[in-house]
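Structure (structure tokens):
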């Protein structure tokens with residue numbers, strides 16, 4: 006039974022973060038004492054994530070004043086006990102697990118409860134309570150047992166939500182589609198000071214605080230996002246798998262390399278940039294439904310991981326920022342950049358690449374999805390035969406790295422490879438070729454690219470772009486905001502490119518601009 010629209014529109018909204026809970030048991034659910042907390046602390050919603058056959062993570066973060074400048078949400082400087090419970094029904098009458106965690110100031114009063122011992126392939130509901138205040142009820146699912154192939158999985162994915170550029174209605178519409186799983190592929194939040202990153206359709210809302218550099222800055226920005234009720238609806242409806250792109254830290258960052266020499270942004274030295282990165286990682290963990298195994302250690306945080314949906318699908322969630330070589334040729338779109346073909350250059354780093362290739366070699370799933378951030382297929386903006394003009398920030402800037410990954414799935418037991426991408430603020434659907442330089446090379450996979458939730462404003466609605474004819478493997482393009490909804494079965498993946506005509510006005514309707522099917526055993530897109 007899907008979470009009803011009424012539940013996430015009218016239930017009390019809440020959020021807290023807690024340390025991992027590793028036992029399952031039904032105990033009393035009395036009132037938690039919360040001295041010093043006056044007012045509703047559940048203003049940031051609830052979330053679940055990283056599902057497994059026996060459990061998932063549930064999350065919340067307490068805040069009385071989400072945009073408080075110190076990043077601590079107006080909470081008292083003390084631990085606050087938070088009770089949680091998980092049930093088999095939305096009314097929370099068939100409770101299967103309960104516990105109490107401490108929301109502590111050092112973690113911005115965030116709570117992560119890691120659940121084990123639940124039944125595979127089941128729908129559950131959860132909520133939090135402190136004092137007299139109760140959170141919203143969220144919906145989560147466990148994945149099917151490892152050997153089970155379910156009849157279908159509804160999965161939606163999204164990226165790029167610039168708060169200033171519009172309303173988060175696309176998140177609301179995504180929630181109304183009742184997905185079983187949501188992937189967020191990066192740029193969950195943006196680091197700019199208000200007004201720095203503009204849109205052709207104007208700025209609708211404003212950021213609070215300066216450009217995010219300190220831990221307090223990042224905590225404040227995340228809380229401003231989480232206070233949005235449309236985003237809360239999307240988090241409450243299904244478990245999420247999240248990975249970052251660049252704006253969770255700073256525009257186009259690459260490994261330990263400062264993106265520019267602006268001391269005001271904390272990027273004047275590698276040491277200062279790594280301190281900024283550590284602050285961003287800490288706030289990201291505090292505000293996402295991630296397992297404790299993803300908790301940061303200073304400026305390092307491991308977010309690449311694999312989630313299996315029974316034997317139907319593997320989701321290989323990648324980090325294409327932390328381990329990459331710096332962008333070639335000074336970044337941007339470049340012509341004939343020889344460096345991009347350097348065999349030593351990597352987008353994933355050696356360890357993550359080997360982990361991914363090992364995952365391909367041991368795959369028994371019907372579908373293998375790469376949840377990642379930047380454009381995978383070649384996109385050459387210069388149609389002349391002897392010149393290429395490609396983006397140094399995407400896989401085109403790391404051509405050998407892309408070839409190794411592609412060849413890795415071709416040479417493995419992977420049956421069907423599908424790359425899921427965000428970043429570029431447009432919808433795309435692409436065939437992936439074994440060799441993009443050879444017009445006769447076979448198609449070996451597919452790429453589905455989601456547009457932004459709001460970034461770049463309303464968009465033009467265009468469905469063609471000039472260089473597509475020179476890149477026949479680029480099959481679809483659309484410049485509107487929205488998300489992608491997929492239905493995954495053993496035989497096919499059906500993808501709907503969902504769009505809104507406007508994000509500068511609230512509550513816009515959603516429609517399907519185009520649909521594609523990928524048939525099992527037939528690489529490439531079927532219109």
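In the working numbering, the protein residues as written are 6 to 532.
Glycine included, each C-beta is placed from N, C-alpha and C at the ideal position.
Here the structure is a predicted model, which is why all the values come from computation and not from measurement.
Beta-carbon gap between residue i and residue j smaller than 8 angstroms
| i | j | result |
| --- | --- | --- |
| residue 2 | residue 487 | Residue 2 is absent from the model: the chain starts at 6 and stops at 532. |
| residue 454 | residue 375 | no |
| residue 191 | residue 248 | yes |
| residue 271 | residue 154 | no |
| residue 520 | residue 421 | no |
| residue 243 | residue 146 | yes |
| residue 428 | residue 250 | yes |
| residue 228 | residue 51 | no |
| residue 189 | residue 164 | yes |
| residue 500 | residue 489 | yes |
| residue 317 | residue 359 | no |
| residue 230 | residue 284 | no |
| residue 130 | residue 97 | yes |
| residue 319 | residue 373 | yes |
| residue 385 | residue 475 | yes |
| residue 339 | residue 387 | no |
Whole-angstrom C-beta distance between residue j and residue i, which should lie under 8 angstroms
| i | j | result |
| --- | --- | --- |
| residue 55 | residue 361 | Actually they do not touch by this definition, with Cβ atoms about 18 angstroms apart. |
| residue 214 | residue 356 | Going by Cβ atoms, the distance from residue 214 to residue 356 rounds to 35 angstroms, so no, they are not a contact pair. |
| residue 4 | residue 117 | In this structure the chain extends from 6 to 532, so residue 4 is not present and cannot be described. |
| residue 417 | residue 368 | 7 angstroms |
| residue 68 | residue 46 | 6 angstroms |
| residue 458 | residue 160 | Actually they are not in contact, since the Cβ atoms of residue 458 and residue 160 sit about 17 angstroms apart, beyond 8 angstroms. |
| residue 132 | residue 143 | 7 angstroms |
| residue 310 | residue 515 | No, residue 310 and residue 515 are not in contact; Cβ-Cβ is about 30 angstroms, not under 8 angstroms. |
| residue 426 | residue 377 | 6 angstroms |
| residue 42 | residue 122 | Not confirmed; about 31 angstroms, so no contact. |
| residue 78 | residue 70 | 6 angstroms |
From the options, residue whose alpha carbon lies closest to that of residue i
| i | options | result |
| --- | --- | --- |
| residue 197 | 427, 478, 166 | 166 |
| residue 171 | 450, 203, 183 | 203 |
| residue 119 | 287, 68, 89, 182 | 89 |
| residue 472 | 148, 358, 45, 389 | 389 |
| residue 353 | 230, 311, 259 | 259 |
| residue 80 | 53, 106, 113 | 113 |
| residue 517 | 123, 182, 333, 426 | 182 |
| residue 293 | 49, 42, 43 | 49 |
| residue 568 | 490, 313, 463 | For the chain, the structure presents residues 6 to 532; residue 568 sits outside this window and is missing. |
| residue 443 | 478, 107, 101 | 478 |
| residue 483 | 502, 493, 507 | 502 |
| residue 287 | 65, 177, 220 | 220 |
| residue 186 | 312, 459, 448 | 312 |
| residue 480 | 460, 436, 245, 505 | 436 |
| residue 233 | 92, 372, 404, 72 | 72 |
| residue 245 | 341, 177, 184 | 184 |
| residue 349 | 496, 409, 341 | 409 |
| residue 126 | 228, 58, 358 | 58 |
| residue 333 | 308, 284, 395 | 395 |
| residue 289 | 307, 274, 273 | 307 |
| residue 115 | 335, 514, 64, 452 | 64 |
| residue 111 | 505, 84, 99, 97 | 84 |
| residue 104 | 321, 434, 91, 95 | 91 |
| residue 2 | 100, 347, 449 | In the structure displayed, the chain extends from 6 to 532; residue 2 sits before or after that span and is not available. |
| residue 440 | 415, 419, 101 | 415 |
| residue 456 | 445, 432, 193 | 432 |
| residue 496 | 140, 150, 522, 209 | 522 |
| residue 468 | 366, 217, 504 | 504 |
| residue 235 | 95, 180, 169 | 180 |
| residue 107 | 195, 99, 82, 124 | 82 |
Beta bridge counterpart(s) of residue i as assigned by DSSP
| i | result |
| --- | --- |
| residue 108 | 85 |
| residue 442 | Residue 442 is not bridged to any residue. |
| residue 414 | Paired residue(s): none; residue 414 is not in a bridge. |
| residue 54 | 62, 245 |
| residue 318 | 314, 372 |
| residue 501 | 490, 520 |
| residue 130 | 92, 144 |
| residue 305 | 302 |
| residue 160 | 186, 491 |
| residue 435 | 452, 479 |
| residue 139 | 134 |
| residue 103 | 90 |
Exercise. Between the stretch 240-254 and the stretch 272-288, do three or more beta carbon pairs fall short of 8 angstroms?
Worked result: yes
Problem set entry | Cβ pair count under 8 angstroms reaching 3, the stretch 285-304 against the stretch 328-342 | no
Exercise. How do the stretch 376-391 and the stretch 400-407 stand: do at least 3 beta-carbon pairs fall below 8 angstroms, yes or no?
Worked result: yes
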